[in-house]
Structures are given as C-alpha cells and as structure tokens.
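Report on the following structure.
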Amino acid sequence: MINVGLSTSIFLFKTFFDKMPRELEDAARIDGCTKFGIWWNVALPLAKPVLAVVVVFNALNVWNEYLLALLIFDSRSLMPLQVALMTFQGEYITRYHLLMAGLTITAIPIIIVYCLMQKYIVKGVTQGAIVG
870 MINVGLSTSI FLFKTFFDKM PRELEDAARI DGCTKFGIWW NVALPLAKPV LAVVVVFNAL
930 NVWNEYLLAL LIFDSRSLMP LQVALMTFQG EYITRYHLLM AGLTITAIPI IIVYCLMQKY
990 IVKGVTQGAI VG
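In case it helps, my numbering puts the sequence shown at residues 870 to 1001.
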C-alpha cells in the first residue's frame, strides 16, 4: 500500500510546489539563500499542510491494510490487529464484545494522529478553495 500512497504523495507535493509563487524563491535568493536554504526556510514551512495530509493519508492506508497482511502472515504472533480481529468472527458465532474492544484499540491511534494534525489538515483542505 505504500506504493499507492507514494504516487498520491508525489502528485500532492508536485501540485503544491508548482503553485508556489516564484517571487518567494526569488526573494530568498536575493537574501542570499542557497537552494537548500530556500527549500528548508521557505518551501518546507509553506508545505506543512500538504505534508500533514500526506502523513495522515499514508498512515491510514498502512494502518488499515488488510489484504496484504492476510496473504503474507500466517502465524498468529505476526498477525496485525486488523487481521486478528477477524478471528473473533466465527462461522456460527461472533464474539461482539471482543470485536468491539479490538476495534476501539484499532481506532485510538488514528484518532490521536488526526487530533494532532487537525489544524494542518483543515488548512491544507481550505488552502486551494480560498481565492484572493
């Protein structure tokens, strides 16, 4: 799933950096910045919303990976949580109390990451919508 996220990440970053005003780069070059200095001091701080969106999307893709983990891991000790949750669902009976506890444990890290990155995500989503 990282390969799918990589193409999306490259597209988001390329679109962002293509729309970044050239005047910012020119002003930094006049101030004496090197190419790395321009990237580090000008472009990267402006790209924080895009970086946050890429981190959250890729983390969600990797965290929710089910099919690849199901195909690769056959040992219960190596099984990720998403695959292990399916063991609570039997042919004739489903242990809902264990399934819901596992789903809660699965959702907590994603909720924490979203709460930490929320202001950057909202900024990144609204950045292209506001003109002027």
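By construction, the Cβ of each residue, glycine as well, lies at the ideal position given by its N, Cα and C atoms.
Please state whether the Cβ-Cβ distance between residue i and residue j is less than 7 Å.
i	j	result
Ala897	Ile907	yes
Ile990	Val931	no
Leu939	Val911	no
Met948	Phe942	yes
Closest by CA to residue i, which one among the options?
i	options	result
Ala976	Gln958, Ser946, Cys902 and Gln951	Gln951
Met919	Thr877, Pro949, His966 and Glu894	Per the sequence presented here, residue 919 reads as Val, with Met not at that position. Comparing Cα-Cα distances from Val919 to each of Thr877, Pro949, His966 and Glu894, the minimum goes to Thr877.
Met955	Leu968, Ile941 and Glu894	Leu968
Ala970	Ala953, Phe926 and Leu985	Ala953
Val982	His966, Phe957, Phe926 and Leu947	Phe926
Ile974	Lys888, Asn933 and Arg891	Asn933
Leu985	Val924, Phe905 and Leu881	Val924
Which stretch, first to last residue, makes up the alpha helix (DSSP H) that contains residue i?
i	result
Gly906	Lys904 to Ile907
Asp895	Arg891 to Ile899
From residue i to residue j, what distance separates their C-alpha atoms?
i	j	result
Pro914	Ile980	24 Å
Ala928	Arg964	28 Å
Trp909	Thr995	24 Å
Ile899	Phe886	20 Å
Ser944	Glu960	20 Å
Pro978	Asp895	41 Å
Lys904	Ser946	48 Å
Val873	Lys988	25 Å
Counting contacts by CB-CB distance shorter than 7 Å, is residue i in contact with chain C?
i	result
Ala921	Chain labels in this structure do not include chain C; a single protein chain is all it has.
- Taking only runs that begin and end inside the stretch 918-976, name each unbroken alpha helix (DSSP H) of 4 or more residues, in chain order. 936-941 and 950-953
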